[in-house]
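Enquirer:
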Amino acid sequence: MRISRTHLTRGGLAALSGLLAGCAALAVAELVSTAVRPEAGPVTAVGGAAIDRTPAPVKDWAIRSFGESDKLVLQLGILATLCVLALALGAVALRHRRTGAAGVLLLGAVGAAAATGRPDSTGLADGLPSLAGGVAGAAALYVLIGRLTRPRRTAARDDEGGWDRRGFLIAATAAAAASGGAGMLGRTVNSRRGQGAVASRAGVLLPRPASPAAPVPPGARLRVPGISSFTTPSSTFYRVDTALVVPRVNAGTWRLRIHGKGVRRPVTVTFQDLLERELTERDITLTCVSNEVGGPYVGNARWIGVRLADLLREAGVKPPSRGGPADQLVARSVDGMTLGTPVEDVMDGRDAMLAVGMNGEPLPFVHGFPVRMIVPGLYGYVSACKWIEDIELTTFDDYDPYWVKREWAREAPVKTQSRIDTPKPFARPTAGTVMVAGVAWAQRRGVERVEVRVDDGPWQPADLAAQATVDTWRQWSFPWKATPGGHTLTVRATDRTGAVQTEKRTRTIPDGADGWHSVVVTVD
Ligand SMILES: Nc1nc2c(c(=O)[nH]1)N[C@H]1C(S)=C(S)[C@@H](COP(=O)(O)O)O[C@H]1N2
Ligand SMILES: [Mo]
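Counting with mature numbering (1 follows the signal peptide of the UniProt record, and there is no 0), you get residues -29 to -1, 1 to 495 for the letters of the sequence shown.
1) Taking only runs of the alpha helix (DSSP H) that begin and end inside the stretch 314 to 393, which ones reach a length of at least 4 residues, in chain order?
2) Only counting the same chain, and skipping five residues up and downstream in sequence, which positions put a Cβ closer than 7 Å to that of Val217?
3) Pull the bridge partners of Ile229 from the DSSP assignment, please.
4) Excluding sequence positions up to five away, which residues of its chain have a Cβ less than 6 Å from the Cβ of Val375?
5) From the DSSP output, read off the bridge partner residues of Pro432.
6) With a CB to CB cut of under 6 Å and the five nearest residues on each side skipped, what residues in its chain are close to Arg158?
7) Just to be sure I understand the criterion: a residue counts if its Cβ is closer than 7 Å to at least one heavy atom of ligand 2. Which residues meet that?
8) Taking just the CA atoms, how far does Gln388 sit from Gly311?
9) Say the cut is 7 Å; is the CB of Ser304 nearer than that to a heavy atom of ligand 1?
10) With DSSP run on the structure shown, which of helix, strand or coil describes Val44?
11) Would the C-beta of Phe367 count as close to ligand 1, meaning under 7 Å from any of its heavy atoms?
12) Distance, Cα to Cα, Gly48 vs Gly79?
13) Hey, how far is the Cα of Leu325 from the Cα of Glu363?
14) Using CA coordinates, which residue listed in Gly294, Leu334, Ala145 and Ala170 is at the minimum distance from Leu177?
15) Our contact map puts Gly304 next to Ile359 with C-beta atoms below 8 Å; I'd like the distance itself, whole angstroms only.
16) Pro450 bridges to which residues according to DSSP?
17) Under the criterion of a Cβ to heavy atom distance below 7 Å, does Ala214 qualify as lining ligand 1?
18) Give the C-beta separation of Gly276 and Gly328 to the nearest angstrom, bearing in mind that I take them to be a contact with Cβ-Cβ under 8 Å.
19) Would you tell me roughly how many angstroms separate the C-alpha atoms of Ile345 and Thr459, rounded to the nearest one?
20) Within this structure, are the beta carbons of Gly18 and Leu215 separated by less than 8 Å?
21) If we count Cβ pairs, one from each stretch, closer than 8 Å, do we get three or more for the stretch 440 to 450 versus the stretch 393 to 412?
22) Between Ala20 and the rest of its own chain, which residues show a CB-CB distance below 7 Å, the 5 nearest in sequence each way excluded?
23) Is the beta carbon of Tyr209 within less than 7 Å of some heavy atom of ligand 1?
24) When you compare each of Arg228, Lys452, Pro372 and Pro341 to Val175 by their alpha carbons, which one comes out closest?
25) Identify, in the order they occur along the chain, each residue of the same chain with its Cβ nearer than 8 Å to the Cβ of residue 505, setting aside the five sequence neighbours on each side.
26) For the beta strand (DSSP E) that contains Arg303, what are its first and last residues?
27) Just mark Glu247 as buried or exposed, buried being the case when its beta carbon has 16 or more other beta carbons within 10 Å.
28) From which residue to which residue does the alpha helix (DSSP H) around Pro93 run?
29) When DSSP builds the beta bridges, which residues end up paired with Gly311?
30) Taking 6 Å as the limit between beta carbons, can you name the residues of its chain near Val240, skipping five residues before and five after?
31) Where does Ser261 sit, in a helix, a strand or coil, going by DSSP?
32) Sorted by chain position, which residues of the same chain lie with C-beta nearer than 7 Å to Thr477's C-beta, five sequence neighbours on each side aside?
33) For Leu300 and Val81, I'd like the C-alpha separation in whole angstroms.
34) Between Leu(-10) and Gly456, what straight-line distance do the alpha-carbon atoms span, to the nearest angstrom?
35) How about Leu257 and Val317: are their beta carbons less than 8 Å apart?
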């Protein structure tokens, strides 16, 4: 009985040693990452590598199931996996001390491989945090297990079997304290690193645009409770990107290089250079290709920036239609993302811009501070590079950017879509007049007509708000004479080319979802 309890206790303490070793590893990795880059830390690196390798359908499912918490879920998943592995390695180490320690080292090596393999990796140094963490964790486990397996030095007060309780307690406490200290120090230094960027953003004063946005026509904003506001506030604007750590770029040291095929004069511009140029301000609706029919990944903001076509022309770039050799513009961000945009689209007169502001303020960090691209009419993944730092003129034949390597289409103009914002699915409105309302978008073409259908009845025209520009979404409403019982409300839009939103539902992969949005309600 006594022996078996001792075994139980020792097994538990061995598992605890594994956990402590894991904590030591993560803490040391965090501390060392301050000397390399915070993004090179093991959890971020493994998470990033997982995102890079996730098959498109799985990623689509993750976005659908977890929405914008997908990254948090991923990191918690990695931490949970690490916990299980750490507990197991602790147990292994009780039998085979070296094997357990080697296991911890191996995990460090996996982290290092993930970090150096990321598209934004700056070299082998990115592997250092994980390697150092692995060594520290292995050492901690080796020492702790040593206390559990070493016969006590003096038999005097220890009556529970042959191991060094006092030694273990001291070593475990020391490991926990050292990990806590190292981890906290690393955290503090890493968060300080972003302070320069935060200060640079606070110091930005956006000049008045040479070409201001046309005032939003009064009729473009409907006053229907529950409808999406015409301008989406930046704080609720959707966010879609692969960044586990939001890049904090200092505007003072930021540079953008434009180079590649057909560039006669390569250009490098600073943030100040951009602010000193003529600025253009426009309302533009941005849409994500991962937006399901009726989904939330669409927003309309007032962007201010420099016309990209002007910069390209100054660099000597010609669109393919005028004999230019490059048909694809590849934008690269500080976090290694690549997005490919047709050069023709950027230079065809639309308001493609390098945006420096959103809704009257410098870009929020999550939306790409200091500079991002915005191209009306194209899904974000082929146009809206955040934290941009490089533009390369190339061809579609020569280069596949990040998402194209992962089954998404090379070219992806936004599809005509409409959404019912109110009533919400499964709402229980009372019989009488119920306001059905929402938004419809067909960037570059404009929305001509929106129709609503109740159950299998005829399509009925909705009342349209004024169309601000062809690049913005358009609000609509429909006063419905609701009768008691269950009803299905369906909406469809027609764009100004006369094309009607298609009925057949398609997946978001490879070039955006098609289909009609329906909402089921029960009228009381
Ligand atoms: N650097 C970077 N830029 C990016 C992305 C990204 O993952 N990394 N995602 C793109 C996608 S898929 C979309 S839809 C838009 C979303 O911009 P938002 O997050 O500001 O709404 O950013 C685009 N720009
Ligand atoms: Mo997207």
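Glycine included, each C-beta is placed from N, C-alpha and C at the ideal position. Predicted model only: the values in this text are computed from it and were never measured.
Expert: In this structure, then:
1) 314 to 317
2) Phe336 and Val337
3) BP columns for Ile229 point to Val238 and Ile362.
4) Arg381
5) The partner list for Pro432 (beta bridge, DSSP) reads Glu422.
6) none
7) Val211, Cys259, Val260, Ser261, Tyr268, Tyr350, Gly351 and Tyr352
8) As the crow flies, the alpha-carbon of Gly311 is around 23 Å from that of Gln388.
9) yes
10) helix
11) Phe367 Cβ: outside cutoff for every heavy atom of ligand 1.
12) 17 Å
13) 14 Å
14) Leu334
15) Looking at the sequence itself, residue 304 is Ser, so the reference to Gly does not match. Right, the Cβ-Cβ distance comes to about 6 Å (below 8 Å), so this counts as a contact.
16) Looking at the DSSP output, Pro450 shares a beta bridge with Met406.
17) yes
18) 7 Å
19) 36 Å
20) yes
21) yes
22) Ala85, Gly88 and Arg89
23) yes
24) Pro341
25) A query on residue 505 cannot be resolved here, the shown segment of the chain reaching from -29 to 495 and no further.
26) Gln299 to Ser304
27) exposed
28) Position check: residue 93 holds Thr in this sequence, whereas Pro was assumed. Thr93 -> no alpha helix (DSSP H), and no H or E assigned at all.
29) Val301
30) Leu227
31) coil
32) Ala484, Asp485 and Gly486
33) Roughly 34 Å between the two C-alpha positions.
34) 60 Å
35) No, the pair does not count as a contact, with Cβ atoms beyond the cut-off.
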